[in-house]
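Q: Take this structure first; my questions come after.
Protein chains: 2
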Amino acid sequence: MQKIYNPNKNNWSEILKRPTQTVADIEENVLTVFNEIKTEGDQAVQRYTKKFDKVDLDAILVGSEEIEEAKKLIDQNLKDAIQLAKSNIEKFHAAQKTDKVSIETTIGVKCWQEKRPIQKVGLYIPGGTAPLFSTILMLTVPANLAGCKEIVLCSPPNKEGKIHPAILYAANLCGVTKICKVGGIQAIAGMTFGTETIPSVYKIFGPGNQFVTVAKQLATKFGVAIDMPAGPSELLVVADDTADASFVASDLLSQAEHGKDSQVILVSTSKEMMNEVEKEVAKQLAVLPRKEIAEGAISNSKLIYVEDDQKAIRLINEYGPEHFIVCAKNEDFYIDNVTNAGSVFIGNYTPESAGDYASGTNHTLPTNGYAKQYSGVNLDSFMKSMTFQKISKQGIQNIGKAIELMAEAEGLQAHKNAVTLRLDSLK
Amino acid sequence: MQKIYNPNKNNWSEILKRPTQTVADIEENVLTVFNEIKTEGDQAVQRYTKKFDKVDLDAILVGSEEIEEAKKLIDQNLKDAIQLAKSNIEKFHAAQKTDKVSIETTIGVKCWQEKRPIQKVGLYIPGGTAPLFSTILMLTVPANLAGCKEIVLCSPPNKEGKIHPAILYAANLCGVTKICKVGGIQAIAGMTFGTETIPSVYKIFGPGNQFVTVAKQLATKFGVAIDMPAGPSELLVVADDTADASFVASDLLSQAEHGKDSQVILVSTSKEMMNEVEKEVAKQLAVLPRKEIAEGAISNSKLIYVEDDQKAIRLINEYGPEHFIVCAKNEDFYIDNVTNAGSVFIGNYTPESAGDYASGTNHTLPTNGYAKQYSGVNLDSFMKSMTFQKISKQGIQNIGKAIELMAEAEGLQAHKNAVTLRLDSLK
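Right, dumping it as structure tokens:
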């Protein structure tokens with residue numbers, strides 16, 4: 000880990016630079032798959048599944064026997080853990096429900112705003128050795144609370160043509176409408192255009208590798224919305240001498256094990272704490288099963304000493320971390336002044352992995368500095384707000400003149416006319 | 000206008016197809032301008048202003064004398080109209096403020112969600128003969144209510160190097176931080192990368208021609224968010240025999256005058272109403288100053304007869320109109336069952352132009368069917384929601400085991416370890 004002392008503001012952007020990714024060269028391949036799935040449907044899906052996932056599927060759709068089998072394979076302790084997590088996520092997201100906003104802006108002019116569910120949503124869950132069933136909870140719980148009518152889930156099959164039982168178990172528990180054995184680009188293309196088996200959806204959520212990321216970007220060109228732009232996971236910890244160095248090190252490593260391109264940063268007002276964390280990271284890293292991956296990420300990472308909390312928060316807001324842990328005496332100062340962060344973890348007993356699984360907050364969060372302008376996934380991500388207005392005769396008499404004047408000044412005579420006709424009818 | 004009777008569901012997508020646009024061929028030009036502005040800054044901005052706007056500017060920034068001059072040029076009646084509109088927009092958007100959402104999901108596990116302002120936002124306002132000062136109200140009012148620190152506005156200069164006084168007046172009235180005389184691609188590139196004069200921003204809002212649309216799309220590749228994908232304006236009216244044909248015709252025409260690619264649709268359960276509206280459109284169209292434009296849009300447009308309200312609402316939700324006017328006996332049925340629409344106008348005295356200017360609702364709305372998954376601009380468009388969690392010793396003891404089990408099942412040992420260390424310290 001690189002140590003930096005009191006960096007000058009001019010160097011912040013260089014110091015805080017994320018590990019770069021280049022995706023331009025795969026765009027063309029992604030477009031080819033999209034075009035073929037658009038025209039050929041399921042046939043092209045199965046061809047690509049054979050090519051990329053090395054399995055020749057009889058059926059894309061997961062059947063009820065497979066789900067029943069999966070239920071038996073999951074240990075009761077894990078089922079209980081999932082239930083606890085689901086319950087906390089439900090409580091937190093249910094609390095986000097908002098009432099209809101309704102006011103009379105002028106006498107006779109009633110305006111209101113209502114949120115209504117996005118009717119069809121699609122979730123992508125990556126395959127591989129680590130089955131991310133926790134992400135299913137994070138996406139289906141708010142989708143159900145929002146009232147989405149159709150929840151489609153796509154996840155790649157393994158070489159035996161199966162999906163990990165934990166994924167099937169969680170998807171079934173959380174009321175997914177259809178589970179499709181399809182991964183990568185072909186999954187995103189399928190949910191964009193729809194095929195004989197895969198329904199088209201209005202918005203696609205969920206993580207994935209760079210092919211999935213590029214495919215999701217491309218999907219937006221075909222009228223589908225996505226949760227947010229993706230990037231490698233990241234964590235920034237601010238710690239003064241009240242922090243526990245071994246806890247901080249364990250948090251940095253939990254983020255580092257996600258991938259070699261993950262980034263972890265410690266900002267500290269204590270040089271001693273920085274040194275202790277560095278030692279603890281080395282010690283804990285040595286015994287990790289995913290040591291090689293974590294080592295890659297740690298080598299990209301930085302320990303930054305700053306003189307005081309004021310300087311620390313400016314640096315942190317400049318970075319805009321996905322995950323932000325505060326282990327400092329002055330924690331209220333950080334809570335009140337952080338403007339750019341995805342999710343904030345406060346105090347020595349709030350590890351980042353609590354938010355990944357079971358505190359109740361969502362773990363689908365803006366990376367890559369996008370915390371400056373994007374929200375993490377929340378209940379509203381599955382709804383859209385619509386506005387309504389109802390104007391009485393008195394109402395149009397109250398605001399009609401203003402509309403006529405403004406429409407005329409903008410050179411839009413027909414806009415004016417729509418009001419004039421109504422006002423004239425009331426004379 | 001094409002008349003269609005009782006269309007079969009299989010033909011809906013063909014009937015409801017929007018006029019298409021192709022933008023692929025201009026992407027390369029847009030990228031060139033972006034690259035030059037990224038490396039050369041103001042110098043490239045001024046070069047392109049000379050090329051596209053035919054004016055050689057001394058200064059990009061609008062000075063205070065220009066604003067003072069603009070104030071004098073605006074008629075007091077128009078000032079009063081703008082003030083009324085601004086006040087209504089303020090009332091409606093202020094009512095959208097939400098409180099912090101805070102709950103204890105498990106004893107000792109406190110989670111909360113807070114919305115915080117996007118610090119820097121950019122607004123694009125097109126130039127040309129029709130100065131869209133109303134859009135300035137629609138974007139700055141919620142930006143100010145949200146608490147955005149920096150509001151940058153870009154609008155192209157005319158050949159005399161000036162911006163329309165109504166734009167300067169409204170921008171100044173609404174507390175825009177900086178007004179830049181720069182239009183089109185160069186404006187969007189400037190706000191994306193920042194130049195010596197134009198500040199970089201985190202999110203760009205506002206309408207524009209196809210060059211601006213493509214530039215905004217490209218900006219998202221460089222880490223800037225945009226309000227929503229753009230498309231031509233559109234209106235769908237549902238009218239039964241309680242509607243007033245001349246009012247309906249005036250609303251269809253007010254949307255049609257926006258551009259030849261605008262689309263207006265009438266859905267009716269009354270053949271008589273359809274015929275009367277058709278006659279009224281012809282009559283009112285003949286005397287419009289923007290007749291040629293409106294005629295183009297009207298020729299793309301459709302009058303659709305359906306047997307009942309049930310069928311009508313299914314068709315309407317399939318289309319997902321930007322603006323949706325309801326003039327029907329059964330208006331509550333439409334209000335309750337519309338799932339996809341940007342903004343809804345109810346009753347005979349609620350013209351669409353009321354929402355464009357002065358009712359209080361926002362006129363920046365999803366077009367092109369995007370009402371299925373996007374909200375119109377609202378207070379939240381200028382904020383992002385962040386989550387916070389603070390877990391006590393007891394809290395981590397309550398949920399720690401579940402986190403350990405789930406992390407282990409996902410193969411993420413370091414995630415588990417961050418909890419195990421803390422639980423062990425409490426033994």
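So the protein lines, in turn, are chains R and H. Mapped onto numbering that gives the first Met the number 0, the consecutive letters of the first sequence carry residue numbers 0 to 426. Mapped onto numbering that gives the first Met the number 0, the consecutive letters of the second sequence carry residue numbers 0 to 426. By construction, the Cβ of each residue, glycine as well, lies at the ideal position given by its N, Cα and C atoms. Predicted model only: the values in this text are computed from it and were never measured.
Would a C-beta distance cut-off of 8 angstroms place H/S253 and H/S342 closer than the cut-off?
A: no
Q: Beta-carbon of R/H322 versus every beta-carbon of chain H: anything under 8 angstroms?
A: no
Q: How is R/M190 classed by DSSP in three states: helix, strand or coil?
A: helix
Q: Provide the residue(s) that pair with H/L234 in DSSP beta bridges, ordered along the chain.
A: In the DSSP output, where bridge partners are listed per residue, H/L234 has H/V263, H/H322.
Q: Taking Cβ positions only, does R/F344 come closer than 8 angstroms to chain H?
A: yes
Q: Quick check on R/L83 - is its C-beta less than 8 angstroms from some C-beta in chain H?
A: With 8 angstroms as the cut-off, R/L83 counts as an interface residue toward chain H.
Q: Of the residues that make up the stretch 42-56 of chain R, which ones have a beta carbon closer than 7 angstroms to any beta carbon in chain H?
A: none
Q: Give a yes or no on whether the minimum CB-CB distance between R/E67 and chain H is below 8 angstroms.
A: no
Q: What distance in whole Å lies between the Cβ atoms of H/Q393 and H/C110, which are believed to be in contact at a cut-off of 8 angstroms?
A: Not quite, the Cβ-Cβ distance comes to about 15 angstroms (not below 8 angstroms), so this is no contact.
Q: Just to confirm the assignment: which complete beta strand (DSSP E) runs, minimum length 3, are found wholly within the stretch 279-319 of chain H?
A: Listed in chain order, the complete beta strand (DSSP E) runs (minimum 3 residues) inside the stretch 279-319 of chain H are 301-304.
Q: How would you call H/K383, buried or exposed, if buried means at least 16 neighbouring beta carbons within 10 angstroms?
A: H/K383 should be labelled buried.
Q: Express the C-alpha separation of H/S380 and R/T338 in angstroms, rounding to a whole number.
A: 16 angstroms
Q: Measure the Cβ-Cβ separation of H/S374 and H/N87 and say whether it is below 8 angstroms.
A: Contact: no.
Q: Give the straight-line distance between the Cα atoms of H/E275 and H/N299, rounded to the nearest whole angstrom.
A: 19 angstroms
Q: From this set, H/P116, H/P18, H/W11, which residue's C-alpha is nearest H/D260's C-alpha?
A: H/P18
Q: Count the other CB atoms within 10 Å of the CB of H/A224; is the residue buried (16 or more) or exposed (fewer)?
A: buried
Q: Which chain H residues are close to R/T360, counting only those with a beta carbon under 7 angstroms from its beta carbon?
A: C110, T386, Q388
Q: Among R/K53, R/Y304, R/A229, R/N143, which one has its Cα closest to the Cα of R/D481?
A: No statement about residue 481 of chain R is possible, as the shown extent of chain R runs from 0 to 426 and does not include it.
Q: At what residues does the beta strand (DSSP E) containing H/E113 begin and finish?
A: Segment 108-116, the beta strand (DSSP E) holding H/E113.
Q: Of the choices H/V181, H/K16, H/Q1, H/A281, whose alpha-carbon is the least far from that of H/K161?
A: Residue H/V181 is the option with its Cα nearest to H/K161.
Q: Would you please verify whether the beta carbon of H/T105 is less than 8 angstroms from any beta carbon of chain R?
A: Yes, H/T105 lies at the interface with chain R (some Cβ there is under 8 angstroms from its Cβ).
Q: Report the residue ranges of all beta strand (DSSP E) runs contained in full by the stretch 114-155 of chain H; include only those spanning at least 3 residues, in chain order.
A: Qualifying beta strand (DSSP E) stretches, in chain order: 119-123, 149-154.
Q: Taking CB distances under 8 angstroms as the criterion, tell me whether R/R17 reaches chain H.
A: no
Q: For chain R, is any of its Cβ atoms less than 8 angstroms away from the one on H/Q262?
A: no
Q: Is the stretch 89-108 of chain R close to the stretch 169-176 of chain R, with three or more CB pairs under 8 angstroms?
A: no
Q: The beta strand (DSSP E) spanning R/V343 covers which residue range?
A: 342-345
Q: If you measure from the beta carbon of H/A293 to each beta carbon in chain R, is any gap under 8 angstroms?
A: yes
Q: Are at least three pairs of beta-carbons, each pair with one atom in the stretch 302-316 of chain H and one in the stretch 356-371 of chain R, less than 8 angstroms apart?
A: no
Q: Figure out for me which residue from R/F246, R/L302, R/K49 has the closest Cα to the Cα of R/E279.
A: R/F246
Q: If I measure Cβ to Cβ from H/N208 and keep anything under 8 angstroms in the same chain, skipping five residues before and after, which residues do I get?
A: P125, G183
Q: Are the Cβ atoms of H/D250 and H/L234 separated by less than 8 angstroms?
A: yes
Q: Evaluate contact between the stretch 30-37 of chain R and the stretch 150-158 of chain R, counting only Cβ atoms and requiring at least three cross-stretch pairs below 8 angstroms.
A: no
Q: At what residues does the alpha helix (DSSP H) containing H/S63 begin and finish?
A: From DSSP, the alpha helix (DSSP H) with H/S63 extends over 63-72.
Q: Consider the Cβ of H/I117: report whether some Cβ of chain R lies at a distance smaller than 8 angstroms.
A: yes
Q: Can you check whether the C-beta of R/S12 is within less than 8 angstroms of a C-beta belonging to chain H?
A: no
Q: How about R/A413: is its Cβ closer than 7 angstroms to a heavy atom in the ligand GTP?
A: What this structure holds is no ligand at all, so the ligand GTP is not there to describe.
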